[in-house]
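Okay, structure first, notes after.
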Amino acid sequence: MTITGFDSTSQTAGENVLPPRQVTAAEDLDAELRALEGGIETAAPTSPAPATEVADEQVRVPARRRPLWRVVTWRDVLAIGSFLAVALFVTAPLWLNLDHELRDDPQDQAFFEWMLAHGARVLTDGVYPFFSDRMNYPDGVNMMANTSALAVSLPLTPITLLFGPHVAFNVFLTGALALTGTSWYLVLSRRVVASRLAAWVGALFAAFAPSMIAHAAGHPNIVSQFVVPLIIWRTLELRVPARAVRNGLILGGLLIWQAFINLEVLLMTAVGVGVFCLVMALVRRRRHRGEALAFLRGLVIAAAVTVAALAYPLSVQFFGPQSYQGLSVYVRSFGADLGSFTAYSTHSVAGNPEVPLTLAQNPSEQNAFFGWGLVVLFFGLVLWLRRSAAVLTLGFLALLFGAMSLGPRIYLDGKDTGVPGIWAFLHHLPVLNSAVPTRWAMAIVPVVAIVLALGCQRAADLVRTQPHTRGPIRVAMITAVAMALVPLVPVQLAAVRMDPVPSFVTSGAWRQYVDDSHTVVTLPLPDSSYPDPLRWSAYTKQDMRIAGAYALLPNQNPQDPADHTAAFAPPWRPTSGLMASIRQGNPTPDVTDARREMTLADLRYWKAGVVVLTPQTRDIEMLRTMSDLLGFRPTWTGGVWMWDVRHLVDNPDAVVSADGDS
């Protein structure tokens, strides 16, 4: 049974043609969405049939289905090609300049390059996939508590090994956008609307909405939403009788797949689909009681498969080493500004570079920038299609997600209104305390995409069934869609030249100092402002183990031992804090024997084999300070200043003084 009543050849599915007097559009999801496609005309039955017979036939007759890839036409090829073309256009600065990195979020790009190297190492070396000590030694990093994206990094292993993690990241990002558009197009054109043009419009927005392009500037895992439309489709298919096992297994597999891409997107999808199915079950409860039972059977099987597969990984995430308990209160306060819903993102052609600076926390979190045109069009389409319970439910979901995205305090044009948002009552709950509230606005994008497709389908059917209105309808619909979507056309991602990996790393010279018992300590240690060491480690296929990290790690605040929320850096240590302070421009403190003792203790804690410093901001100040702390000058080699500290770390009796070590 197709969602819309049309199969992939755009013909009506015989078993879905219901007598309009027996089953109304509000009572049958297939019929009501088919009514949207057919305008004011409804397919009439060739002979009357009692409602009970029709309902029984709905339960007994298995639905005819065609795989999403069946009956591919030149229109499909053209549509899929357009998604790839737009994805390549958006990411072109990264492809045309392989020595460049993302300007707005280079730290997350370096992080995902490191994750891609981890995925390759899992396959080549058979290492444990859910934890790694290649970063933040000796404490390590919980890969499930961070976004390891194993469902992507493992398949991309050949590219990572052949071309390096930097190129693999470009493939990851470009493929995420193109595949998301393709997946939405196939589901919309095969299961929601008959018009491939309508499906293309909806899919194009779903893949390249402003929030998607904003997150493409550093979060390829979030824009990898190609599994989402499949989950929606297969969840609705659970209502088909006599296929509970098959449908449950397929849905369970998709849920597991998405869980290893991004759990936050899975959570938003689950909430949206859950609310939609609950409302539609209430609407359809009288006519389709057997359908609800079939749905529940399939859902139980899907849940059992998912829980069985994810029980251990999730236990590692929430209770394993280096796990944490929710995000910090600061991040949980990230809410979408009310004014951002009608504003334009900096990633859109109509965007003003200065406006979003007051309406979003950072360039990557521009989640609710839909613009006035699309807001008016969306609610206009909901009003136009209001006879459909499904469309009204989608409209309610958009409002719900919008309200959740406002965060614990509602802001308007950058000013606190003093009104608490509904998130103020939710962000303390388990699981929800690990979600960033502003990102719930991203969940509106699929809702808008589906309504856009349905609206375009209704307009196309009116043109077909009412030829005398063809001209005005076409002009009105094309004008409305153009006014809403043209200002949202994405611009290319901004890229800047990245600091090259020093030859000390690329030549393998580091191997003389680092082994299974020693690490590389960089100045400063890697953090959100200096992620380069992650890229060095990734370049060596993670053979090079580094101290420090840019990752989500449990907060260890001595002043608040009960605080186990996540921090974006390892716990503070004297040496790492000192070097970060110097790099930020603070005065260089006097070097005392006490500081030397703390530095030596830190190096032993990290099991440092070598300390390295690359040319960068305030590098001379850091060089002088570290030389004073260690009692000797570094050696310039392979593009880095290097201190060989093995004799200090390996000798427990070694001490450091102003005159040198002894």
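All you need for the numbering used here is the position in the sequence shown, starting with 1, plus 303. Each residue gets a CB set at the ideal place from its N, CA and C atoms; glycine is no exception.
Straight-line spacing of the CA atoms in Phe637 and Val375 works out to 43 Å. Per DSSP, the continuous alpha helix (DSSP H) segment holding Arg592 begins and ends at 592 to 622.
Under a 10 Å Cβ-count criterion, Asp905 is classified as buried, with 16 or more other Cβ atoms of the shown protein chains found around its own Cβ.
If you look at Gly721, you'll find it in the beta strand (DSSP E) that goes 718 to 723. In terms of Cβ geometry, Trp536 and Arg587 do not form a close pair [threshold 8 Å].
The shortest CA-to-CA distance from Trp939 to any of Asp896, Gly505, Leu426, Leu916 is the one to Leu916. CA-CA distance, Val750 to Gly698, rounds to 8 Å.
Contact check for Gly575 and Ala746: beta-carbon distance about 6 Å, within the 8 Å limit, so the pair qualifies. Sequence-distant Cβ neighbours of Ala479 in its own chain, meaning closer than 6 Å and more than five residues away, are Pro523, Val526, Ser527. Taking Ser691 as reference, the option from Val582, Leu491, Thr928 with the minimal CA-CA separation is Val582.
Judged by pairs of C-beta atoms under 8 Å, the segment 794 to 801 does not touch the segment 774 to 786, as fewer than three such pairs exist. In the three-state scheme derived from DSSP, where H, G and I count as helix and E and B as strand, Thr891 is classed as coil.
Our two residues, Val808 and Met801, have alpha carbons roughly 16 Å apart in a direct line. Residue range 798 to 800 is occupied by the beta strand (DSSP E) that includes Arg800. As the crow flies, the alpha-carbon of Lys910 is around 14 Å from that of Arg876. Secondary structure of Phe434 (DSSP, three-state): strand. DSSP lists Pro857 as the bridge partner or partners of Ala869.
Taking 8 Å as the cut-off, the Cβ atoms of Trp813 and Met847 count as close.
For Gly912, the three-state secondary structure derived from DSSP is strand.
A residue is called buried when at least 16 other Cβ atoms come within 10 angstroms of its Cβ; Thr463 meets this threshold and is buried.
Classified as exposed, Glu657 has fewer than 16 neighbouring CB atoms from the shown chains inside 10 Å of its CB. By the Cβ-count criterion, Asn550 is buried, with 16 or more other Cβ atoms from all chains shown falling within 10 Å of its own Cβ. The DSSP assignment places 712 to 715, 718 to 723 as complete runs of the beta strand (DSSP E) inside the segment 695 to 746, in order along the chain (cut-off: 3 residues).
The residue from Gly683, Pro790, Ala752 with its alpha-carbon nearest to that of Ser486 is Ala752.
Between the segment 826 to 836 and the segment 845 to 861 there are three or more C-beta pairs closer than 8 Å, enough to call the two in contact. Relative to the Cα of Leu702, the nearest Cα in the group Leu641, His950, Val722, Pro723 belongs to Leu641. Restricting attention to Thr649, Gly556, Tyr627, the CA atom closest to the CA of Ala607 is found in Gly556. Pairing Ser631 with Thr450 gives a Cβ-Cβ distance that is not under 8 Å. Remark: C-beta atoms of Phe644 and Val678 approach each other more closely than 8 Å. Nearest Cα to Ser708 within the set Phe728, Ala519, Gln760, Ser435: Phe728. If you draw a straight line from the Cα of His821 to the Cα of Val430, it is about 19 Å long.
Contact between the segment 459 to 473 and the segment 416 to 430 is present: 3 or more CB-CB pairs across the two stretches fall below 8 Å. Its chain contains Val652 as the residues whose beta carbon lies nearer than 6 Å to that of Val792, once the 5 sequence neighbours on both sides are disregarded; these appear in chain order.
In the DSSP assignment, Met882 falls within the unbroken alpha helix (DSSP H) covering 877 to 886. DSSP links Asn445 through a beta bridge to Phe434. Per the coordinates, the alpha-carbon of Glu924 lies some 27 Å from the alpha-carbon of His403.
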